[in-house]
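Going by the numbering used here, the first residue of the sequence shown is number 0, and it counts up by one from there.
Ideal placement from N, C-alpha and C gives every residue a C-beta, glycine not left out.
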Amino acid sequence: MAERPSDDQRNSATFGALAMLLLVSAGLLGLVAIVLPQVLWLVVIAICLGLSVVLHYFVWGRWLSAKLHAEDEQQPAQDEKPNRE
């Protein structure tokens, strides 16, 4: 049986496939934009919406992750309070 490729080899192959997909997609989009110039505005709007989603994910995701991490650090400290009986 053949050896399984390492994670680095698989990751580089995946990156190469995605890069080729982006290049082919950009080429086809360029050809469509030459024939139908209005398509370019649709692409610009779609890219702006996508960037706003990515920005929202990073801003809120980072903030919420930091807040949850801080709450996790405070939780054990609250549990260790001495009991007053």
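Exercise. Is S24 helix, strand or coil by DSSP?
Worked result: Of the three classes helix, strand and coil, the one that applies to S24 here is helix, per DSSP.
Exercise. Roughly how many angstroms lie between the CA atoms of A18 and S64, to the nearest whole one?
Worked result: Distance between the alpha carbons of A18 and S64 is about 30 Å.
Exercise. R61 by DSSP, collapsed to three states: which one?
Worked result: helix
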